[in-house]
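Numbering (the working numbering), first residue to last: 2 to 285.
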């Protein structure tokens, strides 16, 4: 019996412009062979717009709303406010760019959003519904430190899903997927190192011991997921789609032309992703 087909989308804040381009190309070509879609952080927002057939929505978010003065602001941050003002972004995009939940949930696709539990540092995944979708998406995007609040999901205080499960490919495998397409937001050569943010986590988040643990372990979890992608279990096929080495967008890029160029790169890689899927598929 054939296993399930999954789409897994990495986060990465503004680097999500790449997978936004890929999924807009998917929509343009009517490509959606997936039984399940799993997203974390910015990847979950791109997934939601894709499943709601809302082509161009997140291009508008990245290249318009995310570039508005005050959304990403070091000045606000040193004054004790958010570096990334998710509250403002959610308010304005819910009003101007609402996700059509009727279209999203009429599809028989298992859509999961990932979160990090602050109490024990573990990743957990939930299926949203029309009532809680917006809150779940926002909670999965709450980058520790840069967004100063912590939200609750199902009674749990949570943080960005990309902390505990930056590339949730193993989650797709655990749920029975044997063909998995992974959309990364870093070039293929990238591996995560144990940098400064990991070393100062204990000082910053002393009241959230699990989050500290997750931040400290993140580079290992990230690199283990890449190893899983490149060395999948027997009978599992993984199609990895990465930005090229010249990809310029960083986590907090605020340059329109850079974002536009990398969105276009994402669209081109969307064509490549579709061809790779068809080449290896038993069902043409």
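A virtual CB, placed ideally from N, CA and C, is assigned to each residue, including glycine.
Query                                                                                                                                         : Result
Short Cβ contact (8 angstroms threshold) for residue 106 with residue 115                                                                     : no
Where residue 276 falls, given that 16 or more other Cβ within 10 Å makes a residue buried                                                    : exposed
Burial state of residue 231 (16 or more Cβ within 10 Å)                                                                                       : exposed
Among 140, 242 and 14, nearest to residue 190 - alpha-carbon criterion                                                                        : 242
Anticipated Cβ contact below 8 angstroms, residue 44 with residue 20, distance rounded                                                        : 6 angstroms
With 16 other Cβ atoms within 10 Å as the buried cut-off, status of residue 163                                                               : buried
Element boundaries [alpha helix (DSSP H), containing residue 172]                                                                             : 170-175
For residue 277, the three-state DSSP class (helix, strand or coil)                                                                           : helix
Nearest-angstrom Cβ-Cβ length linking residue 161 and residue 117, presumed shorter than 8 angstroms                                          : 6 angstroms
Contacts around residue 77, its chain only, beta-carbon distance under 8 angstroms, and the 5 residues preceding and following it disregarded : 71, 83, 84 and 86
Spatially closest choice to residue 152 from 34, 209 and 186, by CA coordinates                                                               : 209
Span separating the alpha-carbon of residue 293 from that of residue 268                                                                      : There is no way to answer for residue 293, as the model of the chain reaches only from 2 to 285.
Cα-Cα separation, residue 26 to residue 193                                                                                                   : 28 angstroms
Neighbourhood of residue 60 by C-beta distance below 8 angstroms, restricted to the same chain and skipping five residues each side           : 18, 21, 22, 25 and 264
Closest residue to residue 148 among 91, 270, 102 and 6 (Cα-Cα distance)                                                                      : 91
Local conformation of residue 117 per DSSP, three classes                                                                                     : strand
Straight-line Cα distance separating residue 145 from residue 156                                                                             : 19 angstroms
CA nearest to the CA of residue 73, picked from 278, 254, 141 and 266                                                                         : 254
Three-state secondary structure assigned by DSSP to residue 160                                                                               : strand
Buried versus exposed, by CB contacts within 10 Å (16 or more), residue 273                                                                   : exposed
Residue range of the unbroken alpha helix (DSSP H) whose run includes residue 180                                                             : From DSSP, residue 180 is part of no alpha helix (DSSP H) but of the beta strand (DSSP E) over 178-184.
Residues sharing a beta bridge with residue 152, DSSP                                                                                         : 159
Inter-residue spacing [alpha-carbon to alpha-carbon] between residue 180 and residue 207                                                      : 40 angstroms
Chain-order list of residues whose beta-carbon lies under 8 angstroms from that of residue 266 (same chain, five-residue window excluded)     : 19, 22, 244, 245 and 248
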